[in-house]
Amino acid sequence: MRYATPKTAAEAASLLMEDAARVLAGGTDLLVQMKSGRLAPETIVDIKHLPGLRDITREDGGFRIGAAVSGAEMGEHTDLVAAWPGVVEGVNLIGSTQVQGRATMAGNLCNGSPAADGVPAQIAAGAVARLEGPEGTRDVPVAEIPTGPGKTSLKRGEFVTSIFLPARPERSGDAYLRFIPRTEMDIAVAGAAVNLVLGADGTVAEARVALGAVAPTAMEVPEAGAALTGSKLEDPAIEAMVDAVRAACKPIDDKRGTVEFRTHVAGVLAKRAARIAFARAGGQA
Amino acid sequence: MAFDETKHDYKVIGTRPVRPDGIDKVTGRALYGADLSAPGMLTAAILRSPHAHAKIVKIDTSKAEAMAGVKAVVTSRDFGLPEDQDLRDTQDNCMARDKVLYDGHAVAAVAAINAQVAKAALKAIEVEYEKLPHVIDVDDAMKGDAPLVLEGRALETVPEGWSQNVTNYCEFGHGDLDDGFARADLIVERSFKTGATHQGYIEPHACLASMGPDGRGELWCCTQGQYMVREVCAGIMEIEASQLKVTPSEIGGGFGGKTTVFIEPVALALSRKAGRPVKLVMTREEVFRASGPTIHSSTDVKIGMTKDGTITAARADLRYSGGCYPNGTCEMGAQAAFAPYDLKAVRTYGWNALTNRPKEISYRAPGAPTAIYAVESVVDEMCQKLGLDPVDVRLKNAADKGTKSSYGVTFEDIGLKATLEAAKAHPHYTAPLGPNQGRGLSCGFWFNFGGNASVTLSVNTDGTVNVTEGNPDIGGSRASISMIAAEELGIGYDRVRTIVADTTSIGHSDTTDGSRVTFTVGLATIKAARDAKTKMCARAAALWGIDPEAVEWVDGAAQPSGPNAGKFPPMSLAEIAAVSFQTGGPIAGHHESNADGAGVSFGVHLCDIEVDPETGASKVVRYTVFQDAGKAIHPDYVEGQLQGGAVQGIGWALNEEYIYGEDGILQNPGFLDYRVPVASDLPPIDTVILEVPNPGHPYGVRGVGETSIVPPLAAIANAMSRGAGVRLTQLPMSPPRVLSALMAKG
Ligand SMILES: Cc1cc2nc3c(=O)[nH]c(=O)nc-3n(C[C@H](O)[C@H](O)[C@H](O)COP(=O)(O)OP(=O)(O)OC[C@H]3O[C@@H](n4cnc5c(N)ncnc54)[C@H](O)[C@@H]3O)c2cc1C
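Residue numbers (my numbering), protein chains in the order written: chain S, 1 to 285; chain D, 286 to 1031.
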């Protein structure tokens, strides 16, 4: 097994063209999978030494978050937390204090878990991943990266260098909630993120609702967002949103939760997340 | 000199000194099971069954044996056939013969120069299986047409008509049930199920084994009982006990789970074959799949009560399964079920059935939590139906001194009423509850064991004392034993050092289980200290030229027992020790006995939980434990036992369980999906220690380690019923189960 610390993106991409090569960011998924015997990579490409990958930078009023930025670093970035509290709280839910010191938002995305806590709020935010590969750079919406449990749309040799969160209009807010049977150190049984922008009249002008752990990938539910638009989260709007969420759920039935449970709870979480996002946007019922 | 049987004016007992093993544990200097290495040591690994139940048609180890770096491979062919059935079961559990009986059952093992080679060698072993139908649930296993786990293992007591999987049967109780039920105003009959839980100790099983060509062996391992390990392993290795020296390491938790062997005989067999020391350490996954969880159960309870809350008759039918070999845990459940009650008519029936699960081993009060959960749930439901206060009803029917218990013994002084009264008087009992919150209560009980112990107490010439005993310290017992020695001798706690010896350094001591160590080893320490005091008095008497009977021991010194005895200044322990070589040689006291009189222990738990009505998630918001300790030697460690038991019970009630797939494969062999509570899941656990002295002990000590895991199951179920309006009859009360109950209620 080879461990490489490339200094340029091109070098990293060419290493990743080798057989059984894997990106290493925080390693909190990768090392666990290697230890359990599920993965046995030949080449490990540590991206933490690439220039700029550990930076959070302002760009066009938004934020570009390097693929090697840890969850703890995101949580300590005051402007980022103020603009995208839901995205940051999703990432900060990952693991424990120790895990937060290593885990990255990009690693959470590229690991491809349907239950990844960092992903639904990115989708609701309309985040865009920047990829580097043998054929150069391309930007892809985060929503299009995961394609199934453990699978992504990344091509051979490609990797994520950063994730871009767009500029925030006035009166906007987002939130993420997950359900786990205990208070920490667990995998989401269901997760829901809501991102809202309010109009001048205080009603919802734009809404995006995204779910985790209730389908093969995290996904946006456009009907749920539409149900909230034009409302101040009055009961009928919430009920319509919850119905849309539950209708979109296609969860598995396993030791962590039944189909009925995941479906029901996804609706509850979306309702609660919507209320938090609304309040963060300065909304008044 | 003579001794008062009981003692009350304590100087050391009841204080809270720092534990002697604390610094080593927090600095990493303490040596646990996996911490020892030896020159030339090999690393071992075990190949385990991927099937729940299968015939082993063929095992071909030749490819593994031929691999470079592989020094030994063993299968069941490398073991004999012990005559003793229990020993054979233990051996077969360590290495399957003919059939694998559960997912994770060992089939072969290798010893190699390192872990990588050992792992690769396991892959090279070819095992041909013929899959057999399996059975996982106890109720299924009892049916006539169930797949048979083992045949011909039913005890004579088992009535006809059951599947051969039913191996044990028992009956306890007295009085006329029909008459009792006829006198009841209300009869409630309910059925309950509980999942199998694991002790969840942090340290996996680990050992270092070395067998010499002369047939003598040494074993270093993490265990609750080095003598038990010696007896079992020597039996399996077909050597005399004296030829195997077993040294217990520090222990990272046991809770009953380390009162048998799972890997030690395998390491010894590999070492014998390889001629080199062998280290074998289980992974966490192996611990879940192939060590000993507790029983899972199915229980029916029927209770009759009059309108004023008097129980007129009570019956419980307990069906337990402790996995793939026979065991008698159902007997403890059947004895414990109604122990807190003084009943005229009571009957309990217990069954054990074999299932394709790992062989059960003790878990803190084995058998009692699930039995008392069922009983205390029904009692609570009856209080709700009759509009009666749950403490009052329990007080009305509470067992007391002189009560003939449901399992036959007549209680001596017991602390049940005192704990119930303490619970009722505590501010927690009447504190206001928030929205979606409910308060539940349950009694708990454990027998407590006495048994064999050996203690030697050596008086060093520098005035310090060494206590040598044979019981691994899993709950702070070295601190308690040192305190007892200091108390008896009248010297400071810092003058005493207690160590847990290997099997060649002191006589037999039973395993650390049954909440017996502070009681039994403490008793032996008191007697050993008194023996040393007698000897020291004799030394002083000789120096003074007076009769030994005329010398007494007061405040750490020998002194003439009265004006007629003569006028000599007191001689302290240090002074007597300093001249001991001139007065007859080294001084030591010792005591060996098989102790009776371990008083039973009762507790009451009070708990508030809050249930999220939309998700079924529950959170314990307040928790108070009331328990009779007889006499708390070191109150910190008594509180620790009460809190630890409560936490394990909370996990059992809410989330912990062995989950099996249709294929009989364990779905959650890890701490991610086998959910023990984490610190943030829990409120502070308050404790109230009561001290109703045990007449069987000079200080009144009762064991405290096990009672505390018994009440949480029902206390939480009762709180759930009162807070969320749903009474769950299946554990764990995981959020999906609670939510579906809430939705069914509408
Ligand atoms: C104790 C513990 C608790 C956890 N709790 C949670 C939790 O609560 N919620 C949750 O969602 N997850 C949890 N996780 C999983 C994990 O911590 C997260 O998914 C984390 O975000 C992964 O980030 P990482 O940087 O450590 O990824 P790594 O392990 O470095 O990588 C993960 C995968 O993505 C690939 N990869 C990483 N970065 C890139 C990139 N830039 N481009 C392309 N591919 C890449 C890697 O090759 C690997 O396959 C937990 C893990 C542990 C060990």
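We put the CB at the ideal spot given by N, CA and C, even for glycine.
Just so you know, these numbers come straight off a predicted model, no measurement behind them.
Query                                                                                                                                  : Result
Inter-residue CB distance, residue 1003/D and residue 662/D (contact presumed, cutoff 8 Å)                                             : 7 Å
Every unbroken beta strand (DSSP E) within the stretch 718-774 of chain D, with a cutoff of 3 residues, ordered by chain               : 722-731, 736-744, 750-754
Inter-residue spacing [alpha-carbon to alpha-carbon] between residue 316/D and residue 534/D                                           : 6 Å
CA-to-CA distance, residue 398/D to residue 735/D, given in whole angstroms                                                            : 44 Å
Beta-carbon proximity of residue 465/D to residue 589/D, cut-off 8 Å                                                                   : yes
Among 201/S, 51/S, 212/S, 199/S, nearest to residue 124/S - alpha-carbon criterion                                                     : 212/S
Distance CB(residue 481/D)-CB(residue 942/D) smaller than 8 Å                                                                          : yes
Proximity test, residue 269/S beta-carbon vs ligand 1 heavy atom, cut-off 7 Å                                                          : no
Cβ neighbour criterion (16 or more within 10 Å) applied to residue 487/D                                                               : exposed
Own chain, CB closer than 8 Å to residue 421/D, minus 5 neighbours either side, in chain order                                         : 337, 640, 641, 642, 945, 949
Cβ separation of residue 179/S and residue 265/S, assumed to be a contact under 8 Å, to the nearest whole Å                            : 5 Å
Status (buried if at least 16 other CB within 10 Å, exposed otherwise) for residue 616/D                                               : buried
Members of the stretch 723-734 of chain D near chain S, C-beta cut-off 9 Å                                                             : none
Three-way DSSP call (helix, strand, coil) for residue 658/D in this model                                                              : helix
Residue 257/S at chain D interface by Cβ criterion, 8 Å                                                                                : yes
Cβ-based contacts, 9 Å cut-off: residues of the stretch 896-907 of chain D near chain S                                                : 897, 899, 900, 901, 902, 904
Buried or exposed (CB count within 10 angstroms, at least 16 for buried), residue 527/D                                                : exposed
Three-state class that DSSP yields for residue 892/D in the structure shown                                                            : strand
Run of the beta strand (DSSP E) containing residue 359/D, from where it starts to where it stops                                       : 355-359
Contiguous beta strand (DSSP E) assignments of at least 3 residues, all confined to the stretch 409-489 of chain D                     : 411-416, 451-459, 471-479
Residue 159/S: CB within 7 Å of a non-hydrogen atom of ligand 1                                                                        : yes
Among 570/D, 796/D, 747/D, 989/D, the one whose alpha carbon lies nearest that of residue 916/D                                        : 989/D
Any chain D beta carbon closer than 8 Å to residue 102/S                                                                               : no
CB contact below 8 Å: residue 422/D versus chain S                                                                                     : no
Short Cβ contact (8 Å threshold) for residue 708/D with residue 423/D                                                                  : no
Enclosing beta strand (DSSP E) for residue 617/D [first to last residue]                                                               : First-last for residue 617/D: 614-621, but that is the alpha helix (DSSP H), not the beta strand (DSSP E).
Coarse secondary structure for residue 137/S, derived from DSSP in three states                                                        : strand
Residue 268/D versus residue 994/D: straight-line alpha-carbon distance, rounded                                                       : There is no way to answer for residue 268/D, as the model of chain D reaches only from 286 to 1031.
Residue 395/D: contacting residues in chain S (beta-carbon distance under 7 Å)                                                         : Within chain S, no residue comes near residue 395/D; the closest Cβ sits about 17 Å away, beyond 7 Å.
Extent of the continuous beta strand (DSSP E) run through residue 564/D                                                                : 563-566
Residue 583/D: first and last residue of the uninterrupted beta strand (DSSP E) it sits in                                             : 581-590
Cβ neighbour criterion (16 or more within 10 Å) applied to residue 295/D                                                               : exposed
Contacts around residue 3/S, its chain only, beta-carbon distance under 6 Å, and the 5 residues preceding and following it disregarded : 44
Neighbour flag for residue 1019/D against chain S, beta carbons, 8 Å                                                                   : yes
Straight-line Cα distance separating residue 701/D from residue 830/D                                                                  : 53 Å
Beta bridge counterpart(s) of residue 967/D as assigned by DSSP                                                                        : The partner list for residue 967/D (beta bridge, DSSP) is empty, contrary to what the question assumes.
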